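Q: If you read the sequences in order, they're chains Z and Y.
Count along the first sequence starting at 1, add 52, and that's the number in the numbering used here.
Count along the second sequence starting at 1, add 423, and that's the number in the numbering used here.
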Amino acid sequence: MPEPRISDLGESGLLLSFEPPPNPTLSRFIHLLGDTLAADPPPGLIDWVPGLRSLALYFDPAHLQREVFEIRLRELCATLTPPAADPSPPIVIPVRYGGKRGPDLEAIARLLALDPDEIIRLHTGVVFELALIGFAPGFPYLLGLPGPLRLPRRSTPRAWVAKGSVAIAGELSGIYPRDGPGGWSIIGQTEWEWFDPLASIPCRLSVGDRIRFDAVFG
Amino acid sequence: MKTLRPPPPVAIHVEASAGLVTIQDGGRWRAQRLGVSVGGAMDERAMALANALAGNPRDAALIEIGWGASLTLSFPQDAGLVLTGVGMEAQLATRRLALWSFHRMDAGSRLRCRVTEGRFGYLACSGGFDVPAVFGGRGADLRSGWGGVLGRVLRPGDRLTLGPGGIENPSRPRSLAPALRPEYRVNPTLRILPGSHWASVPEEGRGVFLTHPFVVTRMSDRMGYRLSGPAVYADPAFGVDSEPVTFGSIQLPPDGQPIVLMADRPTVGGYPRIGEVIRADLPLLAQLRPGDPLRFEAVDRAVAIRAQGGFERALTRLEIVLRG
Chain Z
53 MPEPRISDLG ESGLLLSFEP PPNPTLSRFI HLLGDTLAAD PPPGLIDWVP
103 GLRSLALYFD PAHLQREVFE IRLRELCATL TPPAADPSPP IVIPVRYGGK
153 RGPDLEAIAR LLALDPDEII RLHTGVVFEL ALIGFAPGFP YLLGLPGPLR
203 LPRRSTPRAW VAKGSVAIAG ELSGIYPRDG PGGWSIIGQT EWEWFDPLAS
253 IPCRLSVGDR IRFDAVFG
Chain Y
424 MKTLRPPPPV AIHVEASAGL VTIQDGGRWR AQRLGVSVGG AMDERAMALA
474 NALAGNPRDA ALIEIGWGAS LTLSFPQDAG LVLTGVGMEA QLATRRLALW
524 SFHRMDAGSR LRCRVTEGRF GYLACSGGFD VPAVFGGRGA DLRSGWGGVL
574 GRVLRPGDRL TLGPGGIENP SRPRSLAPAL RPEYRVNPTL RILPGSHWAS
624 VPEEGRGVFL THPFVVTRMS DRMGYRLSGP AVYADPAFGV DSEPVTFGSI
674 QLPPDGQPIV LMADRPTVGG YPRIGEVIRA DLPLLAQLRP GDPLRFEAVD
724 RAVAIRAQGG FERALTRLEI VLRG
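Have a look at this one:
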């Protein structure tokens, strides 16, 4: 993997930034790096948090020598090999597209000069790979949005997006796990549940998962 | 033969509660990978010192009272109590309780409190509030609806149970020397460490950020404080791929007006980060209300570590003295 750029994230954090644009291989690498550090943590390491092409490491600066830690990080980056893509069949998530459940579908169709049905066909016709869970509990960042569907985030975020809303932004698709604010364009909604804070495995999705959306009606 | 039986848990009754009154603690770390916010007390020092004076671990669960909120508690059993913050009115019958001191609440007493200065006040009880931990944290996350009491603010009728380690009779008065209290002040200069996108902001923008005063706006809550002032750098194309953010991260949205992320921050953000407010100065920021001014000053990592290290050593000494 390429050399990371290392910068401060406050005095108790480091941010490793990788040069390549977000991609599934880089995401698998970032999570492998985090897991490898957590399996044999240096004294003072508190947590690791992934980004789309970055990794944050939070630590107690009184117990972690940053210079020594940086050497280990660079060594790990040079030697770790990201795991291959998961060969198992994709997880299929049922979605009701358009109408009240996908309030932005019509507007996006006009913006992209596509028929709404064509947007649904494109969104259900690919297999996404989960690159990151972040922002809100269980929120999946899914890479693989077809080129014709790419458009920037809404200029003004919505104050309220319904739980289960399936949304797109840039090269990503995502699903809002709870009611709350959101800046992505909403094309549908799912009743599929994947996050339960009290379950033994709170989140049924994880990095590297392959995901396909399936249009349901009624 | 006498058997040792643990005393029944001490319960405290919430008689009245209005506004932002929540249980908070040191936050839920190690679940950020699932997108779970760290949360926790907005003013870490006021929390840690309240807990230390109450004889608790420094990140134990306590009550955080927001500015504009009010709370009345009744104590059916004896309990130990400490109040901290910038300014609080805490009325026990006809007596006003001082901040930064340990108070013994006798069974049958009733306490009313509200914040008079600053933005958050803290009420710690010996033993800590025994609410269930979610992802390792006991603090209320109101957006997610978990932690604290049923994931919500305190309501009249709530019964709060205290953990073990309850009240002992302190051998000497437990009051914090003024030198150990946080140096809250108006118009603070907050020290920052430049972040990964600092160098991407044109020099003129960096100059604006470090020389002009900013004001905390009404659009500020436990998640983030939106500031208003001259636009630091407004470029709608200046975005980043979502990357981790922390308590104190200063984001620049397209309008160029900085947002400082606070306790209930998301785990990642898509706006460029120009830097982080150092940990030692976060309590000063947390205590600012809408309309309050502030300034920024860039420092290096060694300054930030020294500032926080000094506080932590003083806190450790205090904990040893109080235990002894």
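Note that beta-carbon positions come from the ideal geometry of N, C-alpha and C, so glycine has one too.
Every value quoted in this text rests on a predicted model; they were computed, and no experiment measured them.
Name the chain Y residues whose beta carbon is nearer than 7 Å to that of Ser-59(Z)?
A: Here the neighbours are Gly-618 and Ser-619.
Q: Is the CB-CB distance between Arg-148(Z) and Gly-216(Z) below 7 Å?
A: No, they are not a contact pair.
Q: Residues of chain Z with CB under 7 Å from Phe-558(Y), in chain order?
A: Going along chain Z in sequence order, the residues near Phe-558(Y) (Cβ under 7 Å) are Pro-249.
Q: List, in chain order, every chain Y residue whose beta-carbon is nearer than 7 Å to that of Ser-106(Z).
A: Result: Glu-666 and Pro-667.
Q: Nearest chain Z C-beta to Ser-567(Y) closer than 7 Å, yes or no?
A: Chain Z contact via Cβ: present.
Q: Hey, is Val-101(Z)'s beta-carbon within less than 7 Å of any beta-carbon in chain Y?
A: So, interface residue.
Q: Just to confirm, are Gln-710(Y) and Val-509(Y) a CB contact at a threshold of 7 Å?
A: Yes, these two residues count as a Cβ contact at 7 Å.
Q: Using the rule of at least 16 other Cβ atoms within 10 Å of the residue's Cβ for burial, across every protein chain shown, is Asn-479(Y) buried or exposed?
A: Classification for Asn-479(Y): buried.
Q: Out of Asp-687(Y), Val-683(Y) and Ile-701(Y), which has the shortest C-alpha to C-alpha gap to Tyr-694(Y)?
A: Measuring from the Cα of Tyr-694(Y), the nearest candidate turns out to be Val-683(Y).
Q: Give, in chain order, every residue of the stretch 719-739 of chain Y whose Cβ lies closer than 8 Å to some Cβ of chain Z.
A: Those residues of the stretch 719-739 of chain Y that come within reach of chain Z (Cβ to Cβ, closer than 8 Å) are Arg-724, Ala-727, Ile-728, Gln-731, Gly-732 and Glu-735.
Q: Specify the secondary structure class of Thr-176(Z) as computed by DSSP and reduced to three states.
A: DSSP places Thr-176(Z) in helix when its eight states are reduced to three.
Q: When you compare each of Ser-619(Y), Leu-565(Y) and Thr-517(Y) to Gly-442(Y) by their alpha carbons, which one comes out closest?
A: Nearest C-alpha to Gly-442(Y): Leu-565(Y).
Q: Using a Cβ distance threshold of 8 Å, determine whether the stretch 221-231 of chain Z contacts the stretch 200-212 of chain Z, with at least three qualifying pairs required.
A: They touch, by the three-pair rule.
Q: Does Thr-133(Z) come out as helix, strand or coil in the three-state DSSP assignment?
A: The answer is coil: DSSP assigns Thr-133(Z) none of H, G, I, E or B.
Q: Helix, strand or coil: how does DSSP classify Arg-126(Z) here?
A: Three-state DSSP puts Arg-126(Z) in a helix.
Q: Should the stretch 671-689 of chain Y be regarded as contacting the stretch 645-656 of chain Y, the criterion being three or more beta carbon pairs within less than 8 Å?
A: Yes: at least three Cβ pairs fall under 8 Å.
Q: Does the stretch 725-736 of chain Y come close enough to the stretch 689-708 of chain Y that 3 or more CB-CB pairs lie under 8 Å?
A: With a cut-off of 8 Å, the stretch 725-736 of chain Y and the stretch 689-708 of chain Y count as touching, because enough Cβ pairs lie within range.
Q: Counting only runs of 3+ residues fully inside the stretch 640-721 of chain Y, write out the beta strand (DSSP E) ranges in chain order.
A: Counting only runs of 3 or more, we get 647-651, 672-674, 682-684, 696-700 and 716-721.
Q: Could you work out which residues of chain Z lie near Pro-689(Y), taking near to mean beta carbons separated by less than 8 Å?
A: Going along chain Z in sequence order, the residues near Pro-689(Y) (Cβ under 8 Å) are Gly-186, Phe-187 and Ala-188.
Q: By the 10 Å Cβ neighbour count, where 16 or more other Cβ atoms means buried, how is Ile-743(Y) classified, buried or exposed?
A: Exposed, by the Cβ-count rule.
Q: So, Thr-495(Y) versus Arg-456(Y), is the Cβ gap smaller than 7 Å?
A: No, they are not a contact pair.
Q: Find out if the Cβ-Cβ distance for the pair Ala-484(Y), Arg-561(Y) is shorter than 7 Å.
A: In contact: Ala-484(Y) and Arg-561(Y) (Cβ atoms closer than 7 Å).
Q: DSSP has Gln-447(Y) in a bridge; who is on the other side?
A: BP columns for Gln-447(Y) point to Leu-485(Y).
Q: Let me see if you follow: with CB-CB separation under 7 Å, is Glu-467(Y) close to chain Z or not?
A: Not one chain Z Cβ lies under 7 Å of Glu-467(Y).
Q: Is Glu-63(Z) close to chain Y, meaning its C-beta is less than 7 Å from at least one C-beta of that chain?
A: Yes, contact with chain Y.
Q: Starting from Pro-254(Z), find everything on chain Y with Cβ-Cβ shorter than 9 Å and list it in chain order.
A: The contacting residues are Ala-454, Leu-457, Val-459 and Phe-558.
Q: Which one of Trp-490(Y), Pro-601(Y) and Ala-477(Y) has the shortest CA to CA distance from Pro-713(Y)?
A: Closest by alpha carbon: Trp-490(Y).
Q: My understanding is that Arg-597(Y) touches Leu-745(Y), with C-beta atoms under 8 Å, so please give their C-beta distance in whole angstroms.
A: Yes, they are in contact, since the Cβ atoms of Arg-597(Y) and Leu-745(Y) sit about 6 Å apart, within 8 Å.
Q: Taking all protein chains shown into account, decide if Trp-212(Z) is buried (16 or more other Cβ within 10 angstroms of its Cβ) or exposed.
A: Under this definition Trp-212(Z) is an exposed residue.
Q: Classify Pro-625(Y): buried if its beta carbon has 16 or more other beta carbons within 10 angstroms, exposed otherwise.
A: With fewer than 16 Cβ atoms within 10 Å of its Cβ, Pro-625(Y) is classed as exposed.
Q: Closer than 9 Å by beta-carbon distance: list the chain Y residues that pair up with Pro-74(Z), in chain order.
A: By Cβ distance, chain Y contributes Asp-664 and Ser-665.
Q: Does any C-beta atom of chain Y lie closer than 7 Å to the C-beta of Phe-191(Z)?
A: True, the Cβ-Cβ gap to chain Y drops below 7 Å.
Q: Are the beta-carbon atoms of Ile-238(Z) and Asp-112(Z) separated by less than 7 Å?
A: Not closer than 7 Å, so no.
Q: Give me the chain Z residues within the contact set of Leu-742(Y), using Cβ-Cβ distance strictly less than 9 Å, ordered along the chain.
A: The sequence given here places Glu at residue 742(Y); Leu does not occur at that position. Per Cβ cutoff of 9 Å: no residues; Glu-742(Y) is ~16 Å from chain Z at best.
Q: Would you please verify whether the beta carbon of Leu-195(Z) is less than 7 Å from any beta carbon of chain Y?
A: Closer than 7 Å: no.
Q: For Leu-85(Z), does the count of other Cβ atoms within 10 angstroms reach 16, so buried, or fall short, so exposed?
A: That one is buried.
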